[in-house]
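First comes the structure, then the notes that go with it.
2 protein chains.
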Amino acid sequence: MTDLSSDASEIRAAAMRLSRRLRQQRAVTTMSDAQFAALAVLNYRGPHTLTALAEREGVTAPSMNRTVNCLEEDGYVTREPDAVDRRKVNIAITEGGIAVVEETVQRRDEWLARVLAELPAADRATLRAAADIILEVIER
Amino acid sequence: MTDLSSDASEIRAAAMRLSRRLRQQRAVTTMSDAQFAALAVLNYRGPHTLTALAEREGVTAPSMNRTVNCLEEDGYVTREPDAVDRRKVNIAITEGGIAVVEETVQRRDEWLARVLAELPAADRATLRAAADIILEVIER
DNA sequence: TATTGTTATACTCTATAACTATA
DNA sequence: TATAGTTATAGAGTATAACAATA
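Here it is as structure tokens:
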């Protein structure tokens, strides 16, 4: 039996250390976290306008514009003017971008899967259950 | 019953999203993640030389040097020449730096505690158990 | 007028290469 | 010669302010 703040402290430390280790596993090591994060959004959530992408990532539009410029130069995304509202630009992931996301996710999951394989089944079940709870609580 | 790679994928997503939300909670909002991370190391692990600090954070010495410069300018750390090996410089956290770390940690824990308070006790127990498992597996 | 995207400018984080001081 | 720290330089992420095009 523990109190809320003790739980929070330990859960915070665990989440931040694990995610740090996971972030170190990246497919294209020349790609930054910001670029990969934006690419992943386009991969899993489909095309976005610049403003929508910036809002989802919690950065300003000029900042996201630069990130998208880099991704476009490297051939990972395309810009298409919106047919209806010509102020808008639809940013979409390319085949090359999809490949990078899939390879990176696979690499991260392979590392974690190796760690999980060393654990008792009951511990794996606990981690999986915890992940389900977190994903339900953190909407976004 | 799920397979290892499915577990890994879900656990990865949960850890990265939660830590992302936690990182947004910072006492001094003008302080970057890199600065806070270095400050936290000095707080929890004591003084470090520049090279040791750079290695622990996984960045180059020149990169850490800049980060330390910023922290020093803001009064959060001090540089002291090593008494024995005069090539070395011992970097230590100040009272002001300790206050920032403690306030940030407290802020992050308060945010998470509010989230936890909304959950059934069984879910909280699951999260706590998962955190224990992760902290045991990730030595760092 | 308001919105969308972009450019201009400035500061931080990152790296590699090169330099200084010390061991 | 090797190591610790630093400076020089350059590329990328971040922001705010200002601008053009469109609604």
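Chains as they are written, first to last, in my numbering: chain A, -13 to 126; chain B, -13 to 126.
Here a beta-carbon is modelled for each residue, glycine too, at the ideal position from N, C-alpha and C.
On the DSSP letters alone, give me the boundaries of the alpha helix (DSSP H) that residue i sits inside.
i: P48 of chain A; result: A47 to E59
i: T37 of chain A; result: L36 to E43
i: V91 of chain A; result: E81 to A103
i: T112 of chain B; result: A107 to V123
i: S18 of chain A; result: Taken as a continuous stretch (DSSP letters only), S18 of chain A belongs to no alpha helix (DSSP H), as it is neither H nor E.
i: D(-7) of chain A; result: L(-10) to R9
On the DSSP bridge assignment, give the partners of residue i in chain order.
i: E66 of chain A; result: A:N76
Within its chain, find whatever has a CB closer than 6 Å to the CB of residue i; leave out the 5 residues flanking it on each side and keep chain order.
i: Q11 of chain A; result: R93, R94 and W97
i: L133 of chain B; result: Residue 133 of chain B is absent from the structure shown; chain B starts at -13 and stops at 126.
i: G82 of chain A; result: G61 and Y62
i: A26 of chain A; result: V87
i: A13 of chain A; result: V86, E89, T90 and R93
i: A108 of chain B; result: none
i: E104 of chain A; result: none
Could you name the residues of the same chain whose beta carbon sits closer than 8 Å to that of residue i, not counting the 5 residues immediately before and after it, in chain order?
i: R110 of chain A; result: L102
i: V75 of chain B; result: T35, L36, R65, E66, P67 and D68
i: A23 of chain B; result: E43
i: T46 of chain B; result: A40
i: R100 of chain A; result: none
i: T15 of chain A; result: none
Beta-carbon within less than 7 Å of residue i's beta-carbon, same chain only, minus the 5 sequence neighbours each way: which residues are those?
i: N51 of chain A; result: L36
i: T80 of chain A; result: G61, Y62, V63 and T64
i: P106 of chain A; result: none
i: C56 of chain A; result: Q21
i: P48 of chain A; result: none
I believe residue i touches residue j by the beta-carbon criterion, under 8 Å. Please report the beta-carbon distance rounded to the nearest angstrom.
i: A(-1) of chain B; j: A1 of chain A; result: That pair is no contact at about 12 Å.
i: R114 of chain B; j: E122 of chain A; result: About 17 Å separates the two Cβ atoms, so there is no contact after all.
i: A116 of chain A; j: T112 of chain B; result: 5 Å
i: I127 of chain B; j: R3 of chain A; result: No answer is possible for residue 127 of chain B: the residues shown for chain B start at -13 and end at 126.
i: S5 of chain B; j: S5 of chain A; result: 4 Å
i: I77 of chain A; j: V54 of chain A; result: 6 Å
**OP:** May I ask you to verify whether the region 72 to 89 of chain B touches the region 22 to 38 of chain B, counting CB pairs closer than 8 Å and requiring at least 3?
**Re:** Yes, the region 72 to 89 of chain B touches the region 22 to 38 of chain B.
**OP:** Indicate whether the contact test is met: 3 or more Cβ pairs, each with one atom in the region -8 to 6 of chain B and one in the region 40 to 49 of chain B, closer than 8 Å.
**Re:** In short, these stretches do not touch, since the Cβ pair count stays below three.
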